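S.K.: Starting off with a structure, shown below.
There are 2 protein chains.
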Amino acid sequence: MTGAAGPTVDAEITWLLHRAAQRMHVVTGEQAEKHGLSLRDHIVMSALDKTPGMTQVELAKTLGLDKTTLMSLLDRLEQQGLVVRRADPRDRRARLPELTPAGDERRATVAAASTAAELAALSSFSAADVAVLRRMLFELIGTGTDPGSCL
Amino acid sequence: MTGAAGPTVDAEITWLLHRAAQRMHVVTGEQAEKHGLSLRDHIVMSALDKTPGMTQVELAKTLGLDKTTLMSLLDRLEQQGLVVRRADPRDRRARLPELTPAGDERRATVAAASTAAELAALSSFSAADVAVLRRMLFELIGTGTDPGSCL
DNA sequence: TATTGTTATACTCTATAACTATA
DNA sequence: TATAGTTATAGAGTATAACAATA
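Residue numbers (UniProt numbering), protein chains in the order written: chain L, 1 to 151; chain Z, 1 to 151.
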């Protein structure tokens, strides 16, 4: 497409990213589903663990989710008793989702299985390559996003 | 999550990939849409250009699309006069989609705009880093897929 | 029997708009 | 007026099942 350069790997980065994400979604998602969670459930719960005290809008922005998308995720997690929405004492409009003890236990279980699966899928790469990948993805996401959201 | 190691960038690779793909999808997709195509339309047409003579099943496998997903894409492209489905003389079940002259012209236009947008989005990275990224994504996709599909 | 193309269908993800209660 | 949460809804993207024609 660009011309004479690449031999086999000249496909669009956009589509390669899409398919790689799709594949890793399967790999880690099936770990989460073993414990009754979707990948996105797990992502939300990880964020609640790493950065507690966020409002729902802040949480959505951090994860790159639409606030309405986050709603259904939180609804389901709350219904399962894994998350509770607490009132923010400083702003009566806001609600602060947080993990319940049961939620945190589930989160830790899934986190272990998920990262293990991720490591296995990346096992053929050098640590340096993985570091490059991680840095590039992170910077790519940051482009166009306001700073401050450090996932 | 893994423990004490990473300072800021310790998020799951899976989610980073997802969001990076999402972002690049916007970047290159809006170029395609300037010319009346979706990103996926463009991906299909690029594949038809690079590897002509594939059946629909082969095309779907190459692109990592479900065959039923490909159907609606081809339907729309055929309806717009950008693609035709020709009969395979060697297998009367099979049909070989190919670009029309109009389709190839449109494809070339979108390809130029799309790769330019991709390059711009990746402009802050070194060529070596982009090469690492491309190679890793490619290998990641290959895992679990039968060889032979070289996109 | 297996495979290609096809249709119908459903489920998930995502985004938009509008409403409510606060600020 | 602006913002946080919420609801309803619609549009993509994806996958499953079933069918016809052909191998």
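We put the beta carbon where it would ideally sit given N, CA and C, even for glycine.
Note that the structure is predicted; figures quoted are calculated from it, not measured.
Please list, in chain order, all residues of the same chain as L/T109 whose beta carbon is under 8 Å from its beta carbon, the five residues on each side excluded.
M.R.: Taking the first residue of the first sequence as position 1, residue 109 of chain L is located at position 109. Only H35 meet the Cβ criterion.
S.K.: Examine the Cβ distances between the segment 70-85 of chain Z and the segment 96-103 of chain Z and report whether three or more of them are shorter than 8 Å.
M.R.: yes
S.K.: If distances are taken between C-alpha atoms only, which option among Z/A111, Z/S123, Z/I141, Z/G142 comes closest to residue 180 of chain Z?
M.R.: Because residue 180 of chain Z is not part of the residues shown, which for chain Z are 1 to 151, the question remains open.
S.K.: Three-state secondary structure (DSSP) at Z/P89?
M.R.: Sequence index remark: in the second sequence, residue 89 of chain Z carries index 89 (1-based). Coil, per DSSP.
S.K.: Which runs of the alpha helix (DSSP H), 4 residues or longer, sit entirely within the segment 10-76 of chain L?
M.R.: 13-34, 39-50, 56-63
S.K.: Just to check my reading of the structure: L/I141 and Z/A120 have Cβ atoms closer than 8 Å, yes? What is that Cβ distance to the nearest angstrom?
M.R.: Reading the first sequence from its first residue, position 141 is the one you call residue 141 of chain L. Reading the second sequence from its first residue, position 120 is the one you call residue 120 of chain Z. That pair is no contact at about 16 Å.
S.K.: Can you tell me whether L/C150 is buried or exposed? The criterion is at least 16 other CB atoms within 10 Å of its CB, across all chains shown.
M.R.: Translated into positions along the first sequence, residue 150 of chain L becomes position 150. Only weak support is given to the placement of L/C150: the predicted model assigns it a pLDDT of 38, under 50, and the question is left unresolved by the model.
S.K.: Buried or exposed: Z/P97, going by 16 or more other Cβ atoms within 10 Å of its Cβ?
M.R.: Here the question's residue 97 of chain Z lines up with position 97 in the second sequence. Counting Cβ neighbours within 10 Å, Z/P97 comes out buried, since at least 16 surround it.
S.K.: Just verifying my parser: in three-state terms, what is the DSSP assignment at Z/L99?
M.R.: Mapped onto the second sequence, residue 99 of chain Z falls at position 99. Z/L99: strand per DSSP, three-state reduction.
S.K.: Where do the ends of the alpha helix (DSSP H) carrying Z/G81 lie?
M.R.: Residue 81 of chain Z sits at position 81 when you count from the first residue of the second sequence. Z/G81 -> no alpha helix (DSSP H), and no H or E assigned at all.
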